[in-house]
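Down below is the structure, laid out as structure tokens.
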Amino acid sequence: MNILTWLPRWIWLIIWFIGQIITSSWSVLKDLTTPGIRAKPGIARVLTDCRTDAEVTMLAALITITPGTLTLGTDVDDEGARWIYVHSLYDGDPASVADGSIDMQNHLLSAMRRNGFTPQDFDQTDRHLPRRAAS
Amino acid sequence: MDINSLHTVAANFIILLGVLVFVVAAGGLFKFRDTYQRISAVGTAAGPGISLIVIGVFLTVPSWQNAVQLLIIIFLQLSTSSIGTMSIARSAYLTGVKMQPGYFDQLAEDQAEVEDTSDIDEDGDIAQELGKNRAQEPPQY
Numbered sequence: 126m127n128i129l130t131w132l133p134r135w136i137w138l139i140i141w142f143i144g145q146i147i148t149s150s151w152s153v154l155k156d157l158t159t160p161g162i163r164a165k166p167g168i169a170r171v172l173t174d175c176r177t178d179a180e181v182t183m184l185a186a187l188i189t190i191t192p193g194t195l196t197l198g199t200d201v202d203d204e205g206a207r208w209i210y211v212h213s214l215y216d217g218d219p220a221s222v223a224d225g226s227i228d229m230q231n232h233l234l235s236a237m238r239r240n241g242f243t244p245q246d247f248d249q250t251d252r253h254l255p256r257r258a259a260s
Numbered sequence: 088m089d090i091n092s093l094h095t096v097a098a099n100f101i102i103l104l105g106v107l108v109f110v111v112a113a114g115g116l117f118k119f120r121d122t123y124q125r126i127s128a129v130g131t132a133a134g135p136g137i138s139l140i141v142i143g144v145f146l147t148v149p150s151w152q153n154a155v156q157l158l159i160i161i162f163l164q165l166s167t168s169s170i171g172t173m174s175i176a177r178s179a180y181l182t183g184v185k186m187q188p189g190y191f192d193q194l195a196e197d198q199a200e201v202e203d204t205s206d207i208d209e210d211g212d213i214a215q216e217l218g219k220n221r222a223q224e225p226p227q228y
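Here the protein sequences come in this chain order: D and C. So that you can map any letter, position 59 of the first sequence is 184 in my numbering, and since no number is skipped, the others follow by simple counting. So that you can map any letter, position 19 of the second sequence is 106 in my numbering, and since no number is skipped, the others follow by simple counting.
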């Protein structure tokens, strides 16, 4: 991973993201054209690897643009880690919302960072926002 | 089939994809039940929907000048639609709109925790207890 692959990584992000929009549009369309609503909406917290405000803004924007998901807020905890709150229509439980968001984040960060990004494989299910110090 | 009609077909196909995104959004606006689901559907139409239609229009009249305009339009459209969607959804959440139905809400859990810690003073005592003690002390002049 170096600066030579930076532009191809951006192009791959755009192609992958168009694919994401098409697949998630399709799942919304399927739900709308069949009787009843299969949506199980909920808001999940997701721990991101974003280091700057620009990265977390881009991630929130991409999640919002994708049909069926919506970013509702961000938070920075005591350790400086950035969290986002994602509203999702079809995932059904917090763990799979986190999986989808982390997948998006891995594609985004590998395009945005000049030296690339190797995704860390950690479990999101038991993650919990650390209490802020009372001040 | 020559090249000219081929790229017209591609342009019309992409415009139709954009129209499909709009149809999904309009259907979602009627069928979904609460603010978050509806604004989620509408934000999709305002971002990728318009972008796809503009890409299709660009393919019918391709030129370098139009390519620059296309990139500016897509950038502005995607950024403004996503930021607008997020602000509306966030203001709905802050004014206390409930999800119907809501299966899980971890943002509410964390908000409740933050409110709990805000009651704790610098000393670590809980403000409510301090208030109780203060009420028992005689007033000092």
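By construction, the Cβ of each residue, glycine as well, lies at the ideal position given by its N, Cα and C atoms.
Given that Phe191(C) touches chain D, what residues does it touch there, using C-beta distances under 8 Å? Here residue 191(C) refers to the residue found at position 104 when the second sequence is read from its first residue. The answer, in chain order, is Gly167, Ile168, Ala169, Asp218, Pro219.
Reference Thr169(C); option with closest CA among Phe119(C), Ser138(C), Met186(C): Residue numbering aside, residue 169(C) sits at position 82 when the second sequence is read from its first letter. The sequence given here places Ser at residue 169(C); Thr does not occur at that position. Answer by Cα proximity: Ser138(C).
Which ranges would you report for the alpha helix (DSSP H) in the segment 153-193 of chain D if only whole runs of at least 4 residues count? 178-190
Proximal residues to Leu116(C) (C-beta, below 8 Å), its chain only, five neighbours per side dropped: Counting from one through the second sequence, the residue named residue 116(C) turns up at place 29. If we look at Leu116(C) and ignore the five residues flanking it on each side, its Cβ neighbours are Arg125, Ala128, Val129.
Answer yes or no: do Leu172(D) and Trp208(D) have a C-beta to C-beta separation smaller than 9 Å? Mapped onto the first sequence, residue 172(D) falls at position 47. Mapped onto the first sequence, residue 208(D) falls at position 83. Yes, the pair counts as a contact, with Cβ atoms nearer than the cut-off.
Could you tell me the alpha carbon to alpha carbon distance between Asp156(D) and Ala176(C), rounded to whole angstroms? To locate residue 156(D), count along the first sequence from 1; it is residue 31. To locate residue 176(C), count along the second sequence from 1; it is residue 89. Between Asp156(D) and Ala176(C), the C-alpha separation is close to 22 Å.
What in chain C is Cβ-close to Asp185(D), meaning under 7 Å? As a working mapping, residue 185(D) is identified with position 60 in the first sequence. The question names Asp, but residue 185(D) is Ala in the sequence shown. Residues of chain C whose Cβ lies closer than 7 Å to the Cβ of Ala185(D) are, in chain order, Met173.
Ala220(D) to Val144(C), Cα distance in whole Å? Here residue 220(D) is taken as the residue at index 95 of the first sequence, counted from 1. Here residue 144(C) is taken as the residue at index 57 of the second sequence, counted from 1. Ala220(D) and Val144(C): Cα-Cα distance of roughly 40 Å.
Quick check: Tyr210(D) and Ala164(D), are their CB atoms within less than 9 Å of each other? Within the first sequence, the letter at position 85 stands for residue 210(D). Within the first sequence, the letter at position 39 stands for residue 164(D). Cβ atoms of Tyr210(D) and Ala164(D): not closer than 9 Å.
Determine whether the beta carbon atoms of Thr196(D) and Leu184(D) lie at a separation below 9 Å. Residue numbering aside, residue 196(D) sits at position 71 when the first sequence is read from its first letter. Residue numbering aside, residue 184(D) sits at position 59 when the first sequence is read from its first letter. Going by C-beta atoms, Thr196(D) is nearer than 9 Å to Leu184(D).
Contact check, Pro160(D) vs Pro188(C), beta carbons under 9 Å: As a first step, residue 160(D) must be located in the first sequence, where it is residue number 35. As a first step, residue 188(C) must be located in the second sequence, where it is residue number 101. Contact flag unset, no.
Got a sec: which bits of the segment 185-201 of chain D sit with their beta carbon under 9 Å from any beta carbon on chain E, in order along the chain? Going by chain labels, chain E is absent from the structure shown, which instead holds the protein chains D and C.
Span of the alpha helix (DSSP H) holding Ile209(D)? For the purposes of this step, residue 209(D) is taken as the residue at position 84 of the first sequence. For Ile209(D), there is no enclosing alpha helix (DSSP H); the residue is part of the beta strand (DSSP E) that begins and ends at 207-213.
Should Leu157(C) and Val141(C) be called a contact, given that it needs their Cβ atoms to be closer than 9 Å? Within the second sequence, numbered from 1, the residue matching residue 157(C) stands at position 70. Within the second sequence, numbered from 1, the residue matching residue 141(C) stands at position 54. Contact: yes.
Nearest to Gly217(D) by CA position, among Met237(D), Ile136(D), Trp137(D), Ile162(D), is which residue? Counting from one through the first sequence, the residue named residue 217(D) turns up at place 92. Of Met237(D), Ile136(D), Trp137(D), Ile162(D), the smallest CA-CA separation from Gly217(D) is found for Ile162(D).
Less than 9 Å separating the beta-carbons of Ile188(D) and Ser150(D)? Along the first sequence, one-based indexing puts residue 188(D) at 63. Along the first sequence, one-based indexing puts residue 150(D) at 25. Cβ atoms of Ile188(D) and Ser150(D): not closer than 9 Å.
In three-state terms, what does DSSP make of Thr148(D)? As a working note, residue 148(D) is residue 23 in the first sequence. DSSP places Thr148(D) in helix when its eight states are reduced to three.
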